[in-house]
Amino acid sequence: MPDTASPQPTAPDTATGYEPTERTVPTRSRERASYDSEVVHSILDEAYVCHLGFVRDGAPVVLPTLFGRIGDRLYVHGSTGSRPLREAGRTDPGLPVCLTVTHVDGLVLARSAFHHSINYRSVVVHGVAHTVTDPEERRTALDAIVDHVVPGRSADSRPADEKELAATAVIRLDLREVSAKIRTGGPNDETRDLTLPHWAGVVPLARGYETPLPADDLAPAIGVPDYITEL
3 MPDTASPQPT APDTATGYEP TERTVPTRSR ERASYDSEVV HSILDEAYVC
53 HLGFVRDGAP VVLPTLFGRI GDRLYVHGST GSRPLREAGR TDPGLPVCLT
103 VTHVDGLVLA RSAFHHSINY RSVVVHGVAH TVTDPEERRT ALDAIVDHVV
153 PGRSADSRPA DEKELAATAV IRLDLREVSA KIRTGGPNDE TRDLTLPHWA
203 GVVPLARGYE TPLPADDLAP AIGVPDYITE L
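Take my numbering: the final residue in the sequence shown is number 233, and no numbers are missing along the way.
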């Protein structure tokens with residue numbers, strides 16, 4: 003849904019964070035872009051699922067998957083039979099990818115259908131993914147992926163054994179060519195529409211958690227850990 007009443011584009015702030023590139027500077031609503039590393043990291047850290055895009059046999063493919071972040075590196079894992087993970091290890095210098103995450107924070111309802119929008123926070127990462135082969139880095143990356151979903155969980159679960167590790171591939175994507183984009187606020191209605199008899203405003207969306215449900219075969223003496231109740 004278009005949202006054309008945004009302020010005029012301004013130059014990105016390059017004082018801190020990532021250097022803008024041709025691929026990370028938006029063609030529309032540039033004032034919403036951010037290259038600040040803290041902003042980028044906060045959006046990534048709050049997301050559970052990323053979408054990993056790449057080209058396979060000349061056609062685009064996008065896969066939803068879990069991920070983890072350690073500093074300026076993202077890690078994605080999957081089966082060793084997964085084609086993108088295999089290709090990341092076979093190709094030189096690696097597999098060109100685009101990774102994205104998005105949070106929807108609100109539904110923006112304008113008086114006109116044309117100006118309906120959403121409030122959101124998103125990150126787009128361009129780069130080359132590489133297969134992680136170092137055993138220690140692989141274990142650290144897998145712990146980071148587990149802890150990304152539930153902080154503290156990797157220390158409270160059995161680590162992968164050698165057979166499981168052999169069946170698991172991990173790829174690494176460095177945060178170098180990256181940008182965030184954020185929309186906040188209400189609708190941008192045309193002046194001529196302000197007197198129309200239609201409700202306008204924002205319907206906020208919030209993520210929440212319900213009461214944890216124990217596994218059917220969980221021993222009664224095992225209670226819910228603090229790191230889960232703290233969610």
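Just so you know, even glycine gets a beta-carbon here, dropped at the ideal spot from N, CA and C. The structure displayed is predicted, hence computed values, not measured ones.
Cβ neighbours of F69 in the same chain (closer than 7 Å, five flanking residues each side left out): C52, L76, Y77, V78, I147, H150
Report the residue from T104, T67, T82 whose alpha carbon sits nearest the alpha carbon of S181. T104
Residue nearest to I144 in terms of C-alpha spacing, selected from D59, H128, D163: Residue identity differs from the one stated: residue 144 is Leu in this sequence, not Ile. Comparing Cα positions, the closest option is D163.
If you check the beta carbons only, do P189 and V110 fall under 8 Å apart? yes
Measure the alpha-carbon distance for R194 versus P206 and round it to whole angstroms. 26 Å
Name the two residues that bound the continuous alpha helix (DSSP H) containing E166. 164-168
Please state whether DSSP places S81 in a helix, a strand or coil. strand
Looking only at its own chain, which residues have a Cβ that is under 8 Å from the Cβ of I72, when we skip the five neighbours before and after it? T142, A143, A146
Around the C-beta of K183, are 16 or more other C-beta atoms found within 10 angstroms, so that it is buried, or is it exposed? buried
Reduced DSSP category for E179 - H, G, I as helix; E, B as strand; rest coil: strand
Could you check if I173 is buried or exposed, using at least 16 other CB atoms within 10 Å of its CB as the buried criterion? buried
Measuring alpha carbon to alpha carbon, tell me which residue in G129, E33, E40 is nearest T18. E40
Work out the CA separation of V57 and G80 for me, nearest whole Å. 18 Å
Just to confirm the assignment, what range does the beta strand (DSSP E) spanning S236 have? An answer regarding residue 236 cannot be provided, because it is not within the stretch 3 to 233 covered by the chain.
Could you work out which residue in V126, L196, P227 is closest to P153 when comparing CA atoms only? P227
Looking only at its own chain, which residues have a Cβ that is under 7 Å from the Cβ of P95, when we skip the five neighbours before and after it? V130
Between which residues of its own chain and Y211 is the CB-CB distance below 8 Å, once the five residues before and five after are set aside? L233
Go ahead and pull the three-state DSSP assignment for V64. strand
7 Å Cβ shell around A49 - same chain, five flanking residues per side excluded: V103, H105
Tell me whether R58 sits in a helix, a strand or coil according to DSSP, three-state version. strand
Which residue's Cα is closest to the Cα of L97: S159, V134, S119, P66? V134
So V204 is in the beta strand (DSSP E); what residue range does that whole segment cover? 203-206
What does DSSP give as the partner residues of G19 in its beta bridges? Paired residues: none, contrary to the question.
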